[in-house]
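Working notes, beginning with the structure itself.
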Amino acid sequence: MKLYQIVARDVTRRKKRVLYTSLGVVIGVTTIVAVLTIALAGETKIYSQLEKYGANLIVMPAINDIDVGLGSLSLGTLAVGENYISEDKLPQIRQITDGKIRQALRIEDEGDIATIAPKLYMNAGVKETSVIVVGVDPQEERKLKTWWRVSEGRYLKGPDEALVGATVAELLKFNVEDKIALNGREVTITGILEETGANEDYQVFVPMETAQKAFNKGGLVSSIDIRALCSACPTTDIASSINENIPGVRAVAVKQISETEMGMMEKISKFLLALAGITLAVGCFGVVNTMMTSVHERIKDIGIMKAVGASRNQIIKIFLYEAIIIGGAGGFLGYVAGTLLAYLVGPLVFKGVAVTYVPQYFLPSLVVATFIAVIAAVYPAFRASKIKIADAFRSL
Amino acid sequence: MLEIKNISKIYGQGTAKVVALNNVSLCVNEGDFIAIMGPSGSGKSTLLNIIGGLDYPSSGEVILDGKRIDNLNENDLVDIRRGKIAYVFQQYHLLPSLTALENVLLPLTFCGADKKDQKALDILKRVGLEKRTEHKPSQLSGGEQQRIAIARALVNDPSIILADEPTGNMDQKTGMGILDLFHQLNEDGRSIIMVSHNPGIAKQAKEIIVLQDGQIVDKISQEGGDNKC
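So the sequence lines, in the order shown, correspond to chains A and B.
Going by my numbering, the letters in the first sequence line up with residues 1 to 396, in that order.
Going by my numbering, the letters in the second sequence line up with residues 397 to 625, in that order.
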């Protein structure tokens with residue numbers, strides 16, 4: 001028989017008592033797991049809304065506002081033909097952006113990180129109607145507009161191809177394989193976009209080079225959409241760095257728009273976390289208390305064990321083993337209860353949010369709970385080890 | 397083998413002072429079987445506790461095999477409890493969550509000798525409980541529980557067994573069975589010191605010491621008894 005077997009036997013006999021003792025830990029862990037699970041679900045919701053905006057950074061020529069068609073988000077009016085950014089600035093912008101992200105995420109990967117999609121907006125008369133022609137970098141644009149679906153034909157592949165928005169195609173009765181002239185340059189429609197409900201529905205997309213040649217804007221772009229790959233990328237940092245280092249452009253972090261919301265979110269979760277921390281601390285005192293009671297209840301057993309040769313260290317070990325069991329059980333129950341609580345309360349906090357259990361929280365729950373239970377048991381265990389055998393039996 | 401010299405034990409201070417033992421001296425040799433008698437409050441149990449290192453005397457010396465043990469610290473006393481001296485209590489003091497066998501194994505566990513199940517089984521057989529090894533204390537009678545407690549005391553092969561009213565909770569017949577067991581252990585060469593207020597039980601010992609108000613008032617040597625100090 002080993003020491004831990006003595007503890008296991010004792011715990012099995014006193015199941016209810018042990019569960020009661022672990023209650024303090026359970027409540028603390030429950031609160032923390034619930035708060036974190038709900039916060040995570042809420043965060044995912046907000047981030048997923050942000051994703052819909054596509055770019056989280058826009059670079060425009062200084063001075064003029066240009067409508068850049070950020071999904072359903074309108075950022076100003078279109079003023080084509082006034083100002084352009086030179087394509088030469090693209091590598092510099094990429095360098096700044098990727099550099100900042102690397103710094104923020106502590107990665108050393110040499111490849112491109114951010115999606116950098118330049119655009120050239122032009123007005124062209126097609127079938128006696130004025131349409132907006134957008135020159136894009138097909139690959140980068142595809143990465144940015146994750147919601148794009150080609151309903152007919154295919155996406156842009158080579159030069160002199162065109163992808164048309166749903167409304168344009170419908171109004172002007174465009175079909176795949178149709179040839180249209182843009183400012184005199186003939187392009188072939190290779191695909192029609194599904195309706196997105198945004199400005200894109202009214203636009204015609206062609207490869208950048210085709211647009212530049214058709215409108216004699218060699219080497220120029222109207223604006224640049226940038227999407228940093230992570231939700232937590234320092235878009236405001238990147239924007240200000242671009243503004244400082246590259247003359248003639250104005251970078252705006254789209255994140256600013258949702259910053260208030262994000263900030264609120266952060267504050268709420270910080271507050272809840274503090275609340276959970278206090279609960280855990282209080283729970284910790286609860287465990288110390290119940291542990292002390294447990295020591296008191298078992299003065300006789302401690303006396304017996306010492307009388308038959310248990311050393312002080314062995315008595316301490318017995319109580320710490322018990323604390324590990326209490327903590328483990330508390331962590332497990334806390335995780336389960338916290339997750340259930342999140343399922344119940346989550347939808348009330350964030351409307352329509354789908355709360356999912358977070359398996360990554362399971363192990364930390366066990367570890368934190370065990371750690372706290374052990375810490376809480378140190379003093380009671382020490383007290384137990386100091387009990388004198390004669391006193392232990394006399395007190396009966 | 398064991399000698400106690402001028403032991404006093406005083407509880408409390410000032411007006412609340414209680415003298416439990418007053419200048420008691422005693423000698424225990426190999427093979428002794430001593431019964432300590434006296435009315436309740438006479439200091440019997442206190443004396444036994446001090447002999448066994450469960451309690452510290454206020455003054456005087458306890459000498460085991462030529463070494464003082466009354467001033468030892470916890471850790472050194474642990475060694476004595478694990479080897480030389482074992483206890484049997486009136487209330488049996490078994491751990492309720494462990495089976496009979498596990499209770500007997502307990503001292504071995506604390507010694508770090510955790511693979512000696514056979515030794516424990518042999519001892520349980522010796523006390524006549526080989527068929528009760530998997531029972532919990534609550535499923536056993538008082539006499540059976542005391543036999544387990546004795547088996548537990550024996551498992552470390554002690555040379556001195558201290559028993560505090562070992563038959564106090566039993567009827568006459570069961571008590572006699574337990575005493576038979578003590579006689580056998582005594583015949584093995586173990587010294588036994590037993591506290592009892594029952595003259596019928598005490599008479600079974602080789603020597604009787606009578607305590608009153610913390611002092612030895614009488615020493616009676618019986619058959620085979622022989623007080624050398």
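Glycine residues also receive a C-beta, built at the ideal position from the N, C-alpha and C atoms.
Item to check | Beta-carbon proximity list for residue 441 of chain B, same chain, < 7 Å, skipping 5 on both sides | outcome: Residue 441 of chain B sits at position 45 when you count from the first residue of the second sequence. Non-local C-beta neighbours of residue 441 of chain B in its own chain, meaning closer than 7 Å and more than five positions away in sequence, comprise 560 and 591, ordered along the chain.
Next on the checklist: Measuring straight from C-alpha to C-alpha, what distance separates residue 316 of chain A and residue 340 of chain A?
Outcome noted: To locate residue 316 of chain A, count along the first sequence from 1; it is residue 316. To locate residue 340 of chain A, count along the first sequence from 1; it is residue 340. Cα to Cα, residue 316 of chain A sits roughly 35 Å from residue 340 of chain A.
Checklist entry - Can you list, in chain order, the residues of its chain whose CB lies under 8 Å from that of residue 402 of chain B, leaving out five sequence neighbours each side? => result Residue mapping note: residue 402 of chain B aligns to position 6 of the second sequence, counting from 1. The beta carbon of residue 402 of chain B sits closer than 8 Å to those of 419, 420, 421, 455, 456 and 457, all from its chain and outside the five residues before and after it, given in chain order.
Next on the checklist: Let me confirm a value: residue 366 of chain A is counted as buried when at least 16 other C-beta atoms fall within 10 Å, else exposed. Which label applies?
Outcome noted: Indexing the first sequence from 1 puts residue 366 of chain A at position 366. By the neighbour-count rule (16 or more Cβ atoms within 10 Å), residue 366 of chain A is buried.
Checklist entry - Helix, strand or coil: which one does DSSP assign to residue 494 of chain B? => result In the second sequence, residue 494 of chain B corresponds to position 98, counting from 1. If DSSP states are grouped into helix, strand and coil, residue 494 of chain B belongs with coil.
Checklist entry - Going along chain B in order, which residues have a C-beta closer than 8 Å to the C-beta of residue 13 of chain A? => result In the first sequence, residue 13 of chain A corresponds to position 13, counting from 1. For a Cβ distance threshold of 8 Å, residue set 492 and 493 of chain B lies close to residue 13 of chain A, ordered along the chain.
Checklist entry - Interface residues of chain A around residue 510 of chain B at Cβ under 7 Å? => result Position 114 of the second sequence, counted from the start, is the residue given in the question as residue 510 of chain B. Ordered by position in chain A, the residues that pass the 7 Å Cβ test against residue 510 of chain B are 1 and 2.
Next on the checklist: To the nearest angstrom, how far is the alpha carbon of residue 81 of chain A from that of residue 253 of chain A?
Outcome noted: The residue labelled residue 81 of chain A in the question sits at position 81 within the first sequence. The residue labelled residue 253 of chain A in the question sits at position 253 within the first sequence. With a pLDDT of 42 at residue 81 of chain A, under the threshold of 50, the modelled position of this residue cannot be trusted, and the question is left open.
Checklist entry - In the stretch 131-191 of chain A, which residue ranges form an unbroken beta strand (DSSP E) of at least 3 residues, counting only runs that do not cross its ends? => result Listed in chain order, they are 150-153, 161-164 and 179-182.
Next on the checklist: Using a Cβ-Cβ distance cut-off of 8 Å, determine whether residue 505 of chain B contacts chain A.
Outcome noted: Against the second sequence, residue 505 of chain B aligns to sequence position 109. Closer than 8 Å to some Cβ of chain A, the Cβ of residue 505 of chain B qualifies, so yes.
Checklist entry - If you draw a straight line from the C-alpha of residue 33 of chain A to the C-alpha of residue 332 of chain A, how long is it? => result Within the first sequence, the letter at position 33 stands for residue 33 of chain A. Within the first sequence, the letter at position 332 stands for residue 332 of chain A. Near 11 Å, if we compare the C-alpha coordinates of residue 332 of chain A and residue 33 of chain A.
Checklist entry - Does DSSP put residue 80 of chain A in a helix, in a strand, or in coil? => result Your numbering for residue 80 of chain A matches position 80 in the first sequence. Residue placement at residue 80 of chain A cannot be trusted, given a pLDDT of 45 that sits under 50; what the coordinates show is reported in the next sentence. Residue 80 of chain A: coil per DSSP, three-state reduction.
Checklist entry - Residues in its own chain within less than 7 Å of residue 461 of chain B by CB, not counting five upstream and five downstream? => result In the second sequence, residue 461 of chain B corresponds to position 65, counting from 1. If the five residues before and after residue 461 of chain B are omitted, its C-beta is found closer than 7 Å to the C-beta atoms of 397, all from its own chain and listed in chain order.
Checklist entry - If we cut at 8 Å on Cβ distances, does residue 483 of chain B have a partner in chain A? => result For the purposes of this step, residue 483 of chain B is taken as the residue at position 87 of the second sequence. Contacts with chain A at 8 Å (Cβ-Cβ) include residue 483 of chain B.
Next on the checklist: Would you say residue 309 of chain A lies against chain B (beta-carbon separation less than 8 Å)?
Outcome noted: Counting from one through the first sequence, the residue named residue 309 of chain A turns up at place 309. Interface annotation, residue 309 of chain A: in contact with chain B, CB-CB separation under 8 Å.
Item to check | Per DSSP, the bridge partner or partners of residue 399 of chain B | outcome: As a position in the second sequence, residue 399 of chain B is number 3, starting the count at 1. B:423 and B:459.
Item to check | Where the alpha helix (DSSP H) containing residue 235 of chain A begins and where it ends | outcome: For the purposes of this step, residue 235 of chain A is taken as the residue at position 235 of the first sequence. Run containing residue 235 of chain A: 235-245, per the alpha helix (DSSP H) assignment.
Checklist entry - Helix, strand or coil for residue 392 of chain A per DSSP? => result Within the first sequence, residue 392 of chain A is the residue found at index 392, counting from 1. Reduced to three states, the DSSP call for residue 392 of chain A is helix.
Checklist entry - Which of helix, strand or coil does DSSP assign to residue 208 of chain A? => result As a working mapping, residue 208 of chain A is identified with position 208 in the first sequence. Helix at residue 208 of chain A.
Next on the checklist: For a contact defined as C-beta to C-beta under 8 Å, what are the partners of residue 594 of chain B on chain A?
Outcome noted: Position 198 of the second sequence, counted from the first residue, corresponds to residue 594 of chain B. Within chain A, no residue comes near residue 594 of chain B; the closest Cβ sits about 20 Å away, beyond 8 Å.
Checklist entry - If you compare alpha carbons, which of A:151, A:208 and A:352 is closest to residue 192 of chain A? => result Within the first sequence, residue 192 of chain A is the residue found at index 192, counting from 1. Comparing alpha carbon positions, the residue from A:151, A:208 and A:352 closest to residue 192 of chain A is A:151.
Next on the checklist: Would residue 551 of chain B and residue 503 of chain B qualify as a contact pair, given that the criterion is a beta-carbon distance under 8 Å?
Outcome noted: As a working note, residue 551 of chain B is residue 155 in the second sequence. As a working note, residue 503 of chain B is residue 107 in the second sequence. Yes. Within cutoff.
Checklist entry - Assuming residue 284 of chain A contacts residue 376 of chain A under a Cβ cut-off of 8 Å, what Cβ separation, rounded to an integer in Å, is found between them? => result For this step, residue 284 of chain A is matched to residue 284 along the first sequence. For this step, residue 376 of chain A is matched to residue 376 along the first sequence. With a Cβ gap of about 5 Å, residue 284 of chain A and residue 376 of chain A count as contacting.
Item to check | residue 611 of chain B in three-state terms, based on DSSP | outcome: Within the second sequence, the letter at position 215 stands for residue 611 of chain B. Residue 611 of chain B: strand per DSSP, three-state reduction.
Checklist entry - What do you get for residue 215 of chain A, buried or exposed, if any count of 16 or more other CB atoms within 10 angstroms of its CB means buried? => result Mapped onto the first sequence, residue 215 of chain A falls at position 215. By the neighbour-count rule (16 or more Cβ atoms within 10 Å), residue 215 of chain A is buried.
Item to check | Pairwise C-alpha distance: residue 226 of chain A and residue 356 of chain A | outcome: Walking along the first sequence from the start, residue 356 of chain A turns up at place 356. Walking along the first sequence from the start, residue 226 of chain A turns up at place 226. Spanning the two alpha carbons is a distance of roughly 31 Å.
Checklist entry - How is residue 553 of chain B classed by DSSP in three states: helix, strand or coil? => result Residue mapping note: residue 553 of chain B aligns to position 157 of the second sequence, counting from 1. In the three-state DSSP reduction, residue 553 of chain B falls in the coil class, being neither helix nor strand.
Checklist entry - With DSSP run on the structure shown, which of helix, strand or coil describes residue 10 of chain A? => result Counting from 1 along the first sequence, the entry for residue 10 of chain A is found at position 10. Note: residue 10 of chain A maps to helix in three-state DSSP.
Next on the checklist: Quick check on residue 603 of chain B: does DSSP put it in helix, strand or coil?
Outcome noted: On the second sequence, position 207 is the one that residue 603 of chain B refers to. DSSP places residue 603 of chain B in the strand class (E or B) of the three-state scheme.
Checklist entry - What is the DSSP secondary structure of residue 560 of chain B, reduced to helix, strand or coil? => result Position 164 of the second sequence, counted from the start, is the residue given in the question as residue 560 of chain B. Reduced to three states, the DSSP call for residue 560 of chain B is strand.
Checklist entry - If we cut at 8 Å on Cβ distances, does residue 359 of chain A have a partner in chain B? => result Numbered from 1 along the first sequence, position 359 holds the residue referred to as residue 359 of chain A. No, no contact with chain B.
Checklist entry - According to the neighbour-count rule (16 or more other Cβ atoms, all chains shown, within 10 Å of its Cβ), is residue 407 of chain B buried or exposed? => result Position 11 of the second sequence, counted from the start, is the residue given in the question as residue 407 of chain B. Under this definition residue 407 of chain B is an exposed residue.
Next on the checklist: Among A:361, A:212 and A:145, whose alpha-carbon lies nearest the alpha-carbon of residue 199 of chain A?
Outcome noted: Position 199 of the first sequence, counted from the first residue, corresponds to residue 199 of chain A. The candidate whose alpha carbon is nearest that of residue 199 of chain A is A:145.
Checklist entry - Does any residue of chain A bring its CB to less than 8 Å from the CB of residue 451 of chain B? => result Working through the second sequence from its first residue, we reach residue 451 of chain B at position 55. The Cβ of residue 451 of chain B sits closer than 8 Å to at least one Cβ of chain A.
Item to check | Opening and closing residue of the beta strand (DSSP E) in which residue 61 of chain A lies | outcome: Sequence index remark: in the first sequence, residue 61 of chain A carries index 61 (1-based). Counting along the chain, the beta strand (DSSP E) containing residue 61 of chain A begins and ends at 57-61.
Checklist entry - Between residue 471 of chain B and chain A, is there a C-beta pair that is closer than 8 Å? => result Counted from its first residue, the second sequence places residue 471 of chain B at position 75. Answer yes: the Cβ-Cβ gap between residue 471 of chain B and chain A drops below 8 Å somewhere.
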